[in-house]
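Comments concern the structure below.
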């Protein structure tokens, strides 16, 4: 499986990773080799096999509908790069 | 002071032959001496550790000892992998993305061990976001293996392993997504246990691949693993995947109490009644000859202790690595989308718009291996490839898990090598990601199936430690610890210390 730099650019956009040209070509090589490894899965006969998503096979646990957490907005925002009056600041989205 | 096991320290603290402050001070000095060579720590919390030790000493005085109070960990120093959130102390996950992140809360593991009175000396180096098998992917630099400092300590819990092997602390926490406790334990001559998926809470443990990640312990003996694992385990309302099932008493299990197999630890055949499976698939191409020899000798020793050795087959073993390198990156790409430069972590300078903010913050914040895995994960989850890669991998995961279920119909646990080779030279595998991924050959299957697994030292090849891996059935950690502990009564590999770090 060969992944071309243009495809890497597309995947990087989906992942919101800004990569420069040299990274695009490095990753195209790395990704191609890794997908060759993953392609070995084709050796497996998985007809009528149910996919296994989680080894715990856990079902969602229910709990009583009571308040468990208190408001810690100020504390949790101490680690944010840019906040104002309890709001996270980002570049303007709507012109 | 640094040579004591957790158990020994606990006894000395109980008898007040030493104080927690004395031990803590001595270990902090030892860390300072060896860090220029090893780089096993990202943060050393001198003040916090001495403060905690002072509190522990006061508590020991008040309670009149640790043992009688039922708090064997009171005053015992330890190191946490820098993946566990620690309130007020830097938690970086070895990434530039979190280089300035002082967690506003404690991970459940950290909270529970603090409640036992342990003293945290600091946070261990690791591969960035736990992605790696050599600890060479850390933003804070590579880590040396105390056995030979130009070798890797393994990864991703490489800092935890190097720290315990060098005597920084008797025990350290780690996490294991594809072998990240067991492989570094093997490379550094330690005992390391990854419990059953769901046994230890993942709350506050920075997520890499949520269906595979599990916290555990690295220590210098199986006995010490038992002491630390108990209080870490158990259901947590904050982690919906933690399992609501009683926690065994791992310490009394060391003598055979409460196991589902009936054993007699007092005689010379303590493993009589234990059936140990050996799979030919674990001894095929790719396994270093010297490692194979040591592992086979260890299996003979288990037999000499009374275990019956049964040949088993794990026919889908060769598909573990391909399945893992689709599933783990897929979950990683999803989990790491949270790092957006908005709520915490690194943010780029002067973003022109929101997309630029996301893209540049993430490009600058993540290292190469992390980006590589995000890209692979995004690819295998993208439209047109989801069925061929991700779904196919999940179906293969079922086959791998079914192999174990079949094997456990006739055996109690499975023994084999933990790693294909001993610790390799730093820089020797960084150019080829696929050769690095093959280090996980024998370990990823336990994560894919969620089974508990352990690596214990079982000999040396060219002066470097070799690890024996034991895998048991769900929630049978006690049996792993019992068998390992009995092995360590007749084998002294775990007592060897690296030269220069005696």
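Protein chains in written order, with the working numbering: chain A, 1 to 95; chain B, 96 to 597.
Note that CB positions come from ideal geometry on N, CA and C, so glycine has one too.
Original post:
chain A beta carbons: is any one of them nearer than 9 Å to that of residue 293 (chain B)?
Top reply: For the purposes of this step, residue 293 (chain B) is taken as residue 198 along the second chain, with counting starting at 1. So yes, residue 293 (chain B) belongs to the interface.
Original post:
Between residue 323 (chain B) and the rest of its own chain, which residues show a CB-CB distance below 6 Å, the 5 nearest in sequence each way excluded?
Top reply: For the purposes of this step, residue 323 (chain B) is identified with residue 228 of the second chain, where counting begins at 1. So the list reads 266, 312, once near-sequence residues are dropped.
**OP:** Please list the segments of the alpha helix (DSSP H) lying wholly inside the region 267-329 of chain B, counting only runs of 4 or more residues, in order along the chain.
**Re:** 277-283, 317-327
Subject >> First and last residue of the uninterrupted alpha helix (DSSP H) at residue 34 (chain A) >> reply: As a first step, residue 34 (chain A) must be located in the first chain, where it is residue number 34. Its alpha helix (DSSP H) spans residues 21-38.
Subject >> Minimum C-alpha distance to residue 63 (chain A) - residue among B:331, B:351, B:114 >> reply: The residue you call residue 63 (chain A) lines up with position 63 of the first chain. Closest by alpha carbon: B:331.
Original post:
Taking Cβ-Cβ distances shorter than 8 Å, what residues in chain B pair up with residue 16 (chain A)?
Top reply: On the first chain, residue 16 (chain A) is found 16 positions in, with the first residue counted as 1. Neighbours of residue 16 (chain A) on chain B, chain order: 432, 435, 450, 453, 454, 457.
Original post:
What are the boundary residues of the beta strand (DSSP E) that residue 137 (chain B) is part of?
Top reply: For the purposes of this step, residue 137 (chain B) is taken as residue 42 along the second chain, with counting starting at 1. It spans 136-139 - the beta strand (DSSP E) in which residue 137 (chain B) sits, taken as one unbroken run.
Original post:
Less than 9 Å separating the beta-carbons of residue 232 (chain B) and residue 135 (chain B)?
Top reply: Mapped onto the second chain, residue 232 (chain B) falls at position 137. Mapped onto the second chain, residue 135 (chain B) falls at position 40. No; because the gap between Cβ atoms is not below 9 Å, this pair is not in contact.
**OP:** Select from A:18, A:94, A:5 the residue whose C-alpha is nearest the C-alpha of residue 452 (chain B).
**Re:** As a first step, residue 452 (chain B) must be located in the second chain, where it is residue number 357. Ranking the options by Cα distance to residue 452 (chain B), first place goes to A:18.
**OP:** Give the DSSP bridge partners of residue 240 (chain B), in chain order.
**Re:** Counted from its first residue, the second chain places residue 240 (chain B) at position 145. Residue 240 (chain B) pairs with B:243.
Subject >> Residues of the region 62-82 of chain A whose Cβ lies closer than 9 Å to any Cβ of chain B, in chain order >> reply: 63, 68, 72, 75, 76, 77, 78, 79, 80, 81, 82
Original post:
In whole angstroms, what separates the C-alpha of residue 374 (chain B) from that of residue 395 (chain B)?
Top reply: Residue mapping note: residue 374 (chain B) aligns to position 279 of the second chain, counting from 1. Residue mapping note: residue 395 (chain B) aligns to position 300 of the second chain, counting from 1. Using only the alpha carbons, I get a separation of about 14 Å.
Original post:
Closest to residue 346 (chain B) by CA distance: which of B:253, B:593, B:167, B:338 is it?
Top reply: The residue you call residue 346 (chain B) lines up with position 251 of the second chain. Nearest C-alpha to residue 346 (chain B): B:167.
Original post:
How close, in whole Å, do the beta carbons of residue 104 (chain B) and residue 184 (chain B) come, if the pair is a contact with beta carbons under 8 Å?
Top reply: Counting from 1 along the second chain, the entry for residue 104 (chain B) is found at position 9. Counting from 1 along the second chain, the entry for residue 184 (chain B) is found at position 89. That belief does not hold up - the Cβ atoms of residue 104 (chain B) and residue 184 (chain B) are roughly 23 Å apart, past 8 Å.
Original post:
residue 6 (chain A) CB to nearest chain B CB: under 9 Å?
Top reply: Reading the first chain from its first residue, position 6 is the one you call residue 6 (chain A). Residue 6 (chain A) does not count as touching chain B.
Original post:
Can the beta-carbon of residue 278 (chain B) be found closer than 9 Å to that of residue 297 (chain B)?
Top reply: The sequence position of residue 278 (chain B) within the second chain is 183, counting from 1. The sequence position of residue 297 (chain B) within the second chain is 202, counting from 1. No. Outside cutoff.
Subject >> Start-end ranges of the alpha helix (DSSP H) lying completely within the region 392-462 of chain B, minimum 4 residues >> reply: 415-430, 449-460
Original post:
Does the distance from the CB of residue 292 (chain B) to the CB of residue 306 (chain B) come in under 9 Å?
Top reply: Here residue 292 (chain B) refers to the residue found at position 197 of the second chain. Here residue 306 (chain B) refers to the residue found at position 211 of the second chain. Cβ distance < 9 Å, so residue 292 (chain B) and residue 306 (chain B) count as in contact.
Subject >> Contact residues within the region 547-572 of chain B, judged by C-beta distance below 7 Å to chain A >> reply: none
Subject >> Proximal chain B residues relative to residue 97 (chain A), where beta-carbon distance stays under 8 Å >> reply: Residue 97 (chain A) falls outside the range modelled here, since chain A spans only 1 to 95, and no answer is possible.
**OP:** Would you kindly work out how many angstroms separate the C-alpha atoms of residue 319 (chain B) and residue 349 (chain B), rounded to a whole number?
**Re:** Numbered from 1 along the second chain, position 224 holds the residue referred to as residue 319 (chain B). Numbered from 1 along the second chain, position 254 holds the residue referred to as residue 349 (chain B). Going by the C-alpha atoms only, they are around 10 Å apart.
Subject >> Secondary structure of residue 13 (chain A), DSSP reduced to three states >> reply: What you label residue 13 (chain A) is simply residue 13 of the first chain in a count that begins at 1. Helix at residue 13 (chain A).
Original post:
Hey, residue 470 (chain B) and residue 8 (chain A) are a contact pair by Cβ (cut 8 Å); roughly how many whole angstroms apart?
Top reply: Taking the first residue of the second chain as 1, we reach residue 470 (chain B) at position 375. Taking the first residue of the first chain as 1, we reach residue 8 (chain A) at position 8. That pair is a contact at about 7 Å.
Original post:
In the structure shown, what three-state DSSP assignment does residue 253 (chain B) receive?
Top reply: Sequence index remark: in the second chain, residue 253 (chain B) carries index 158 (1-based). Helix.
**OP:** Please go through the same chain and pick out, in chain order, the residues whose beta-carbon is closer than 7 Å to the beta-carbon of residue 353 (chain B), but skip the five residues on each side of it.
**Re:** One-based indexing of the second chain puts residue 353 (chain B) at position 258. Excluding residues within five positions, the ones whose Cβ falls inside 7 Å are 343, 344, 347, 573.
**OP:** Would you list, in sequence order, the uninterrupted beta strand (DSSP E) runs of no fewer than 3 residues that lie entirely inside the region 109-151 of chain B?
**Re:** 136-139
Subject >> Distance between residue 414 (chain B) and residue 566 (chain B) (C-alpha atoms, nearest Å) >> reply: The count along the second chain starts at 1 and reaches residue 566 (chain B) at position 471. The count along the second chain starts at 1 and reaches residue 414 (chain B) at position 319. Roughly 18 Å separates the two Cα atoms.
Original post:
Roughly how many angstroms lie between the CA atoms of residue 128 (chain B) and residue 408 (chain B), to the nearest whole one?
Top reply: Taking the second chain and counting its residues from 1, one reaches residue 128 (chain B) at position 33. Taking the second chain and counting its residues from 1, one reaches residue 408 (chain B) at position 313. The straight-line gap from Cα to Cα measures roughly 48 Å.
Subject >> Distance, residue 152 (chain B) Cα to residue 110 (chain B) Cα >> reply: Counting from one through the second chain, the residue named residue 110 (chain B) turns up at place 15. Counting from one through the second chain, the residue named residue 152 (chain B) turns up at place 57. Their backbone Cα atoms lie some 12 Å apart in a straight line.
Original post:
In chain A, which residues lie less than 8 Å from residue 489 (chain B) when you measure between Cβ atoms?
Top reply: By 1-based counting over the second chain, the position of residue 489 (chain B) is 394. In chain order: 51, 52, 53.
Original post:
Taking C-beta to C-beta, are residue 158 (chain B) and residue 213 (chain B) nearer than 9 Å?
Top reply: On the second chain, position 63 is the one that residue 158 (chain B) refers to. On the second chain, position 118 is the one that residue 213 (chain B) refers to. No, they are not a contact pair.
**OP:** Anything in chain B within Cβ reach of residue 84 (chain A), meaning under 9 Å, just list it in chain order.
**Re:** Residue mapping note: residue 84 (chain A) aligns to position 84 of the first chain, counting from 1. Near residue 84 (chain A) there are no residues of chain B at all, since even the closest Cβ is about 13 Å away, more than 9 Å.
Original post:
Quick one: is residue 245 (chain B) buried, meaning 16 or more other Cβ sit within 10 Å of its Cβ, or exposed?
Top reply: Sequence index remark: in the second chain, residue 245 (chain B) carries index 150 (1-based). Burial call: exposed.
Subject >> C-beta contact flag for residue 539 (chain B) and residue 273 (chain B) at 9 Å >> reply: The sequence position of residue 539 (chain B) within the second chain is 444, counting from 1. The sequence position of residue 273 (chain B) within the second chain is 178, counting from 1. Yes, they are a contact pair.
Original post:
Residues in its own chain within less than 6 Å of residue 436 (chain B) by CB, not counting five upstream and five downstream?
Top reply: As a working mapping, residue 436 (chain B) is identified with position 341 in the second chain. Excluding residues within five positions, the ones whose Cβ falls inside 6 Å are 442, 452, 456.
Original post:
Roughly how many whole angstroms lie between the Cα atoms of residue 400 (chain B) and residue 461 (chain B)?
Top reply: Position 305 of the second chain, counted from the first residue, corresponds to residue 400 (chain B). Position 366 of the second chain, counted from the first residue, corresponds to residue 461 (chain B). Rounded to the nearest angstrom, the two C-alpha atoms are 49 Å apart.
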